[in-house]
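K.L.:
Quick one: this structure, given as structure tokens, is what I'll be asking you about.
Numbering (the numbering used here), first residue to last: 31 to 234.
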């Protein structure tokens, strides 16, 4: 049979696992598409927060504390050891160390050093919520006029984030929104519909 190849978008650490198993290579890191992109999320229903305020606060502080620990480069080798067993990520420790420390083989014979390959920023920027909504509109998941700002500020509990960060001595950004680039295109959170309409490929 003829040899075939496929290109895949895979998150850390599974992209690095493909290199480790010698079945793939890294073409781009996700940070090269969007530096500081959103990733995992912590979400609970509003009713849960109302009925269990202390539990919610404790959960939030625990996540913030873990994020602060994870952002410190000196803790990355320990993270690799803790996360590698089967009850967590079930990946070789070497794979996780390469992802978390940023010193990794790319599968093309190179060893790269990108210390900020992975980051753990727990701040829920409203602008990220607005960007996600633009993509939902772009691909037809929401229709009509979208109240981007209202939805972002209702769902992303930025006030809670600042409060819980202060409780554990973390400094929160002063701004609620920020501009950023995705695949070289600047996203202006104040002009979401213009951003949606700027794409030649969309389903709206």
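Note that CB positions come from ideal geometry on N, CA and C, so glycine has one too.
Skipping 5 residues on each side, what residues in its chain have a beta carbon closer than 7 Å to that of residue 258?
P.N.:
This structure cannot speak to residue 258, because the chain is shown only from 31 to 234.
K.L.:
First and last residue of the beta strand (DSSP E) that includes residue 104?
P.N.:
Residue mapping note: residue 104 aligns to position 74 of the chain shown, counting from 1. Element bounds for residue 104: n/a, residue is neither H nor E.
K.L.:
Suppose only complete runs of 3+ residues qualify. What are the beta strand (DSSP E) ranges in the stretch 53–124, listed by chain order?
P.N.:
With a minimum length of 3 residues, no continuous beta strand (DSSP E) run stays inside the stretch 53–124.
K.L.:
Which value, in whole angstroms, describes the spacing of the CA atoms of residue 196 and residue 158?
P.N.:
For the purposes of this step, residue 196 is identified with residue 166 of the chain shown, where counting begins at 1. For the purposes of this step, residue 158 is identified with residue 128 of the chain shown, where counting begins at 1. Between residue 196 and residue 158, the C-alpha separation is close to 22 Å.
K.L.:
What did DSSP end up calling residue 135 once you bin it into helix, strand or coil?
P.N.:
Here residue 135 refers to the residue found at position 105 when the chain shown is read from its first residue. Residue 135 falls in the strand class under three-state DSSP.
K.L.:
Locate the beta strand (DSSP E) running through residue 141, then write down its first and last residues.
P.N.:
The residue given as residue 141 occupies position 111 in the chain shown. Residue 141 -> beta strand (DSSP E) spans 141–143.
K.L.:
Can you tell me where the alpha helix (DSSP H) holding residue 212 begins and where it ends?
P.N.:
To locate residue 212, count along the chain shown from 1; it is residue 182. Here residue 212 belongs to no alpha helix (DSSP H); instead the beta strand (DSSP E) covers 210–212.
K.L.:
Taking residue 233 and residue 170 to be in contact with their CB atoms under 8 Å, please state how far apart those CB atoms are, rounded to whole angstroms.
P.N.:
Locating residue 233 in the chain shown gives position 203, where the first residue counts as 1. Locating residue 170 in the chain shown gives position 140, where the first residue counts as 1. About 4 Å; that satisfies the 8 Å criterion.
K.L.:
Alpha carbon to alpha carbon, how far is residue 40 from residue 90? Give it in angstroms, no decimals.
P.N.:
Here residue 90 is taken as the residue at index 60 of the chain shown, counted from 1. Here residue 40 is taken as the residue at index 10 of the chain shown, counted from 1. Computed Cα separation, rounded: 28 Å.
K.L.:
Considering only the beta carbon of each residue, do residue 214 and residue 149 sit closer than 9 Å?
P.N.:
Locating residue 214 in the chain shown gives position 184, where the first residue counts as 1. Locating residue 149 in the chain shown gives position 119, where the first residue counts as 1. No; because the gap between Cβ atoms is not below 9 Å, this pair is not in contact.
K.L.:
Taking the continuous beta strand (DSSP E) assigned at residue 217, which residues delimit it?
P.N.:
In the chain shown, counting from the first residue as 1, residue 217 sits at position 187. Looking at the DSSP string, the run of the beta strand (DSSP E) that includes residue 217 is 215–217.
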